[in-house]
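Visitor:
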Amino acid sequence: MRKVFKRLSGVFGHWGWGLIPCFGVVGAYFPILSNGFVDWDDTVVILDNPHIRSLDYASLRWMLTDFQLHRWIPLSWLSLALDFALGGTQPFLYHATNLLLHLANTFLVFALVLRLTRRVQKPRAEGTAFPLGIPVASLAAWLFGLHPLHVEPVAWATGRMDLLYAFFYLIALYVYLGMPSGDGQPVRARLAACWVLFLFSLMSKPMAVTLPLVLLILDGWPLDRLRGRLGRALWEKAPFWILAGSCVPLTIFSRGPAGTDIPRENFGGGLILANASHSLVFYITQTLLPWGLAPFYPIPSRLDGLWFLESASAFLAVAGISAAAWAYRKKYRLWPPLGFITHLPYCPL
């Protein structure tokens with residue numbers, strides 16, 4: 000098998016392996032180009048939205064200040080406005096743009112996991128081992144590109160925000176993984192580029208707020224930049240914390256009572272924690288066994304016995320998986336990159 004991969008790598012090159020999953024994505028998603036709009040936000044966001052019908056000062060100001068979807072997403076609005084400028088209200092262009100973004104993200108997953116596996120593989124003599132990162136990265140790209148959980152943001156025109164924020168998020172991760180390991184000084188140009196990409200990702204969807212924490216995790220593994228240098232790692236990310244700290248309250252207060260089907264007074268801290276714990280295991284389970292998918296998963300207005308038991312079990316499961324991953328991080332250095340895709344963007348992943 001290694002000889003086969005080596006020969007094919009000589010033909011395609013390392014990056015060519017990242018294009019193969021993209022062809023599979025095109026084949027699977029090609030029918031969405033004939034999709035129309037749906038009466039689930041598409042009407043409000045695109046068809047009846049006068050603010051995306053021009054790129055004048057008034058429209059740009061609206062994009063920068065509006066919270067119509069209970070989120071601050073000016074870049075997502077801008078991308079929809081560009082689609083309207085090119086194709087009006089014809090749905091083809093909106094779906095084509097979504098597909099192109101998903102193709103780009105699929106290739107970025109390949110590039111990201113390839114770089115990640117190269118950082119965690121033990122050094123070996125040149126030419127003595129097959130670069131295992133190629134099939135691992137290719138498999139990750141296949142799973143990311145074709146997983147049923149990713150159909151919604153690609154096939155739904157209003158799902159643009161998920162695709163766009165993921166695009167900048169993935170590039171930021173790839174750039175950051177080029178940082179020197181250990182005691183090496185941080186490359187300021189890379190930090191600056193990641194900060195700009197973080198800003199663009201936040202302007203596409205606030206879900207990107209997790210990026211500084213992910214960068215800190217990468218500092219610990221595989222970059223090994225935290226030993227005795229945690230303070231430096233935290234300080235160099237001060238601009239990231241400022242952006243994230245500004246975005247979190249902005250998003251929380253912009254949602255208001257209309258941002259949830261549960262009254263704010265009933266949405267207490269216990270329910271938030273329970274739902275967060277439950278969601279982690281729920282979506283990982285859906286990643287492994289994607290059936291019973293739906294566009295909306297309601298949560299109860301109060302904690303009953305069954306929901307509490309499920310949430311508590313989910314919390315313990317997440318804690319156990321995290322502890323096992325940490326305990327075996329040195330012994331099994333290649334499986335985490337493949338598992339890493341369960342935490343890559345598109346919500347709910």
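According to numbering that gives the first Met the number 0, the sequence shown holds residues 0 to 348 in order. Note that the Cβ used here is the ideal one computed from N, Cα and C, for glycine as well.
1) For Ser310, which residues in the same chain have their Cβ closer than 6 Å to its Cβ, ignoring the five residues on either side in sequence?
2) Decide if the region 66-76 is in contact with the region 105-119; the criterion is three or more beta carbon pairs, one per stretch, under 8 Å apart.
3) Can you tell me the Cα-Cα spacing of Leu190 and Trp61, whole angstroms?
4) Please list, in chain order, all residues of the same chain as Gly144 whose beta carbon is under 6 Å from its beta carbon, the five residues on each side excluded.
5) Round the Cβ separation of Asp223 and Ala232 to the nearest angstrom and send it over; I've been treating them as touching at under 8 Å.
6) Whole angstroms are fine: how far does the CA of Leu249 sit from the CA of Ala80?
7) With a Cβ-Cβ cutoff of 8 Å, do Pro90 and Gly132 count as a contact?
8) Span of the alpha helix (DSSP H) holding Tyr56?
9) Pull up the distance between the alpha-carbon of Ala166 and that of Leu315, whole angstroms please.
10) Whose C-alpha, out of Leu292, Leu288, His94, Trp220, is nearest the C-alpha of Leu32?
11) Determine the closest residue to Leu138 out of Asp40, Leu148, Trp16, with distance taken between C-alpha atoms.
12) Return the first residue and the last residue of the alpha helix (DSSP H) that Met202 is part of.
13) Between His146 and Met206, what straight-line distance do the alpha-carbon atoms span, to the nearest angstrom?
14) Just tell me which of Leu98, Ala136, Leu99 has its CA closest to the CA of Thr116.
15) Considering only the alpha carbon of each residue, which of Trp240, Tyr175, Ile251, Ala27 lies closest to Trp220?
16) According to DSSP, simplified to helix, strand and coil, what is His50?
17) Starting from Trp76 and walking both ways along the alpha helix (DSSP H), at which residues does that stretch end?
18) Could you tell me whether the Cβ atoms of Tyr173 and Arg114 are closer together than 8 Å?
19) Measuring only the C-alpha atoms, how far is Leu54 from Cys246?
20) Could you tell me the alpha carbon to alpha carbon distance between Ala57 and Gln67, rounded to whole angstroms?
Guide: Once the coordinates are examined:
1) Here residue 310 corresponds to residue number 311 of the sequence shown, with the count starting at 1. Excluding positions up to five away in sequence, the list reads Ala273, Ser276, His277.
2) no
3) Position 191 of the sequence shown holds residue 190. Position 62 of the sequence shown holds residue 61. Cα-Cα distance, rounded: 30 Å.
4) Position 145 of the sequence shown holds residue 144. Contacts found: Pro20, Val24, Thr105.
5) Here residue 223 corresponds to residue number 224 of the sequence shown, with the count starting at 1. Here residue 232 corresponds to residue number 233 of the sequence shown, with the count starting at 1. The pair is not a contact, with the Cβ atoms about 11 Å apart (cut-off 8 Å).
6) Taking the sequence shown and counting its residues from 1, the one referred to as residue 80 is at position 81. Taking the sequence shown and counting its residues from 1, the one referred to as residue 249 is at position 250. Going from the Cα of Ala80 to the Cα of Leu249 covers about 24 Å.
7) The count along the sequence shown starts at 1 and reaches residue 90 at position 91. The count along the sequence shown starts at 1 and reaches residue 132 at position 133. Note that the C-beta distance between Pro90 and Gly132 is not below 8 Å.
8) Residue 56 sits at position 57 when you count from the first residue of the sequence shown. Element bounds for Tyr56: 56-64.
9) Looking up residue 166 in the sequence shown gives position 167. Looking up residue 315 in the sequence shown gives position 316. The amino acid at residue 166 is misidentified as Ala; the sequence shows Phe. Distance between the alpha carbons of Phe166 and Leu315: 32 Å.
10) Looking up residue 32 in the sequence shown gives position 33. That would be His94, whose Cα lies nearest to the Cα of Leu32.
11) If you number the sequence shown from 1, residue 138 lands on position 139. The shortest C-alpha separation from Leu138 is found at Trp16.
12) As a first step, residue 202 must be located in the sequence shown, where it is residue number 203. Following the DSSP letters along the chain, one finds Met202 inside the alpha helix (DSSP H) bounded by residues 187-203.
13) Numbered from its first residue, the sequence shown carries residue 146 at position 147. Numbered from its first residue, the sequence shown carries residue 206 at position 207. In a straight line, the C-alpha of His146 is about 20 Å away from that of Met206.
14) On the sequence shown, residue 116 is found 117 positions in, with the first residue counted as 1. Per the Cα distances, Ala136.
15) Here residue 220 corresponds to residue number 221 of the sequence shown, with the count starting at 1. Ranked by how close their Cα comes to the Cα of Trp220, the residues Trp240, Tyr175, Ile251, Ala27 have Tyr175 in first place.
16) The residue given as residue 50 occupies position 51 in the sequence shown. In the three-state reduction of the DSSP assignment, His50 falls in the helix class, which pools H, G and I.
17) Here the question's residue 76 lines up with position 77 in the sequence shown. Where Trp76 is concerned, the enclosing alpha helix (DSSP H) stretches over 73-86.
18) Stepping through the sequence shown from its first residue, residue 173 is reached at position 174. Stepping through the sequence shown from its first residue, residue 114 is reached at position 115. Cβ distance < 8 Å, so Tyr173 and Arg114 count as in contact.
19) Position 55 of the sequence shown, counted from the first residue, corresponds to residue 54. Position 247 of the sequence shown, counted from the first residue, corresponds to residue 246. So the alpha carbons of these two residues sit roughly 25 Å apart.
20) By one-based count along the sequence shown, residue 57 stands at place 58. By one-based count along the sequence shown, residue 67 stands at place 68. Going from the Cα of Ala57 to the Cα of Gln67 covers about 16 Å.
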